[in-house]
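Encoded as structure tokens, the structure appears first; notes follow it.
Protein chains: 2
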Amino acid sequence: MPSDDRRLQPRRKPRQVRAELTRERILTAAAHVFAEYGYAAGTTNRIAERARVSIGSLYQYFPNKDAVLAELLVRHIDRGAWTWADQLDLSAGSLEATVRALVRDAIDHHSDDPQLLRIMIEEASFSQALLDTIDRHGRNRVGQVRDVLARHPDVHVRDLDTAAELIVFTVELNTHKVMADPRSIPAETLENELVDMVTRYLRGER
Amino acid sequence: MPSDDRRLQPRRKPRQVRAELTRERILTAAAHVFAEYGYAAGTTNRIAERARVSIGSLYQYFPNKDAVLAELLVRHIDRGAWTWADQLDLSAGSLEATVRALVRDAIDHHSDDPQLLRIMIEEASFSQALLDTIDRHGRNRVGQVRDVLARHPDVHVRDLDTAAELIVFTVELNTHKVMADPRSIPAETLENELVDMVTRYLRGER
DNA sequence: CACTATTGTGAGTAATAGCTCAGCTCTTTG
DNA sequence: CAAAGAGCTGAGCTATTACTCACAATAGTG
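Chain order of the listed sequences is A and B.
Residues 1131 to 1336 (this note's numbering) make up the first sequence, in order.
Residues 1131 to 1336 (this note's numbering) make up the second sequence, in order.
This is the structure:
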């Protein structure tokens, strides 16, 4: 249960290189532990143990457990925004090419550690600030996609905003789901089918 | 963390009407509490309190906390299988009508309590038996959809199994997401757009 | 009505998790 | 090289939670 009066700042900021390294070790360990055990069972002691760091050190750089996941999430989002900005340049080609760029971006982006990502998205119901961050990021993405679609002559849909939201959801959710279950569709097939589905949808053929 | 040697049976089966009622009260309360607090923070004491039942009573009809969520999940799945069986009769019409039946089914089915459903799906990583149940149910559904598609003359896709899996995922995941966020697309719009997208995909137009 | 079976109670237990802090080691600095 | 500050430690405190059990209350039965 999140409470609003919690400390948000760590009690110490790293000033030596050694400290920065410890912080990184903790974050790396946390990523693995959360991915393996989930958020609830990924205890702070386990994280510290895996990072070969005492539990006390963990709490010197993170005010609480939530803050560790929060930092991982923020980093992931930042990295994501970066990648997507690159892809935007590719939006000059055919509609299919544009869609493929979007799909491929989602797949590449989630290949890292789908399990951890699942945890981050699903279990992120812990802090309003973080939820807002995720939300803003989502809306940003939807907005960017909408703008790209708006400029494309082959797009024929009833409502641009709805279409943008729907395809972003569809691409991201399907990618999550498929990447999390190895017995499912292979990534390449997923890419082709998603591209087909979304492209045909946007063309508005009947 | 689940252990395999846990008791699976409750210590007592209800023999009087009174007892059956208590059991139902507990399940209803659990549904609300899980939906409101999530699984981890939805404590057994909270459930008992909400059900106006002592914590002891809860543990007379359920061997442990997991079993409560498991029962909710099984009931949900059973109810789902029922509904879907109905819709199968409608599969004689046009492709769009068939797809619409599928989409509408998903939406109706999740209107009940999307929040609870989210918990059940996402947080259900607690028991292999339950995971298997969910998995079997999923495959069943995909299989049924594939059979319906196979019989339809207008369906042109590279691979039936892949297509069936993709559209079941797409419809269910989008429905979850949209129903869980009230600020998002309205249900009616979602229905129309999903129908369009899936139908065009299945027709294989280019 | 008396006796038994069933159902309900809730204070208490054991385990576990997040987190603290007094004191240690290591690095920097003058 | 010594003093000061930064970084690190881990035993243990506090809070919380799933769960138990001895007992009380209620319902069925002859």
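Cβ coordinates follow ideal geometry from the N, Cα and C atoms, glycine included.
Please list the partners that N1304(A) has in chain B, where partner means a Cβ-to-Cβ separation under 9 Å. L1296, F1299, T1300, L1303
Taking the alpha-carbon positions, what's the G1172(B) to F1192(B) distance? 15 Å
Beta carbon of L1332(A) nearer than 8 Å to that of V1285(A): yes
Does the Cβ-Cβ distance between V1275(A) and L1232(A) come in under 8 Å? yes
Output the distance between the C-alpha atoms of V1308(B) and L1296(A), rounded to the nearest integer angstrom. 9 Å
From the DSSP output, in three-state form, read off L1190(B) for me. Reading off the sequence shown, one finds Gln at residue 1190(B), where the question assumed Leu. If DSSP states are grouped into helix, strand and coil, Q1190(B) belongs with the helices.
Give the single residue among R1269(B), G1334(B), E1166(B), D1196(B) whose Cα lies nearest to the Cα of R1313(A). R1269(B)
Using the three-state DSSP reduction, which class does R1141(B) fall into: helix, strand or coil? coil
Nearest-angstrom beta carbon gap, L1246(A) and A1161(A) [assumed within contact, 8 Å]: 6 Å
Taking the alpha helix (DSSP H) that R1330(A) falls in, what are its first and last residues? 1317 to 1333
Could one say the Cβ of R1330(B) lies closer than 8 Å to chain A's Cβ atoms, at least one of them? yes
Quick one: does D1196(A) have its CB under 8 Å from some CB of chain B? no
Indicate the three-state DSSP secondary structure (helix, strand or coil) for R1266(B) in the structure shown. helix
Throw me the rounded Cβ distance for the E1201(B) and L1151(B) pair, which I believe falls under 8 Å. Rounded, the Cβ-Cβ distance is 15 Å, inconsistent with contact.
Of the residues D1291(B), T1174(B), S1187(B), which one's Cα is nearest the Cα of L1199(B)? T1174(B)
From the DSSP output, in three-state form, read off D1300(B) for me. This sequence places Thr at residue 1300(B); Asp is not what is there. T1300(B) falls in the helix class under three-state DSSP.
Under 8 Å by beta carbon: chain B residues contacting D1262(A): Here the premise fails: no neighbours, minimum Cβ distance about 13 Å.
Residues of the segment 1163 to 1191 of chain B with a CB closer than 7 Å to any CB of chain A: list them in chain order, please. G1168, A1170, A1171
Quick check: is the beta carbon of I1321(B) nearer than 8 Å to any beta carbon in chain A? Before going on, a small fix: residue 1321(B) reads as Glu here, not Ile. With 8 Å as the cut-off, E1321(B) does not count as an interface residue toward chain A.
Are the CB atoms of E1302(A) and A1197(A) nearer to each other than 8 Å? no
For D1262(A), does the count of other Cβ atoms within 10 angstroms reach 16, so buried, or fall short, so exposed? exposed
Less than 8 Å between the CB atoms is what I'm expecting for R1330(A) and R1330(B), so what's the real figure, rounded? 4 Å
Can you check whether the CB of G1273(B) is closer than 8 Å to the CB of H1239(B)? no
Classify R1266(A) as buried or exposed, calling it buried when 16 or more other Cβ atoms lie within 10 Å of its own Cβ. exposed
Along the segment 1224 to 1237 of chain B, what residues have a CB closer than 8 Å to any CB found in chain A? none
Provide the residue span of the alpha helix (DSSP H) that contains T1173(B), from first to last. Looking at the DSSP string, T1173(B) is not in any alpha helix (DSSP H), and its letter there is neither H nor E.
When you compare each of R1142(B), Q1146(B), E1226(B), R1180(B) to N1194(B) by their alpha carbons, which one comes out closest? R1142(B)
Any idea what DSSP makes of R1230(A), helix, strand or coil? helix
For the candidate residues Y1169(B), D1208(B), R1153(B), V1204(B), whose alpha-carbon lies nearest to that of A1079(B)? Absent from the model: residue 1079(B). The displayed extent of chain B is 1131 to 1336, so no value can be given.
Out of curiosity, what's the CA-to-CA distance linking N1147(B) and R1205(A)? This sequence places Val at residue 1147(B); Asn is not what is there. Taking the straight line from one Cα to the other gives about 55 Å.
Given A1317(B), which residues of its chain have a CB within under 8 Å of its CB, disregarding the five upstream and five downstream residues? I1237, S1241, V1308, M1309
Measure the alpha-carbon distance for L1188(B) versus A1293(B) and round it to whole angstroms. 44 Å
When you compare the CB of I1156(A) with every CB in chain B, is at least one pair closer than 8 Å? no
Same chain, Cβ closer than 6 Å to I1185(A), neighbours up to 5 away in sequence not counted: N1175, A1178
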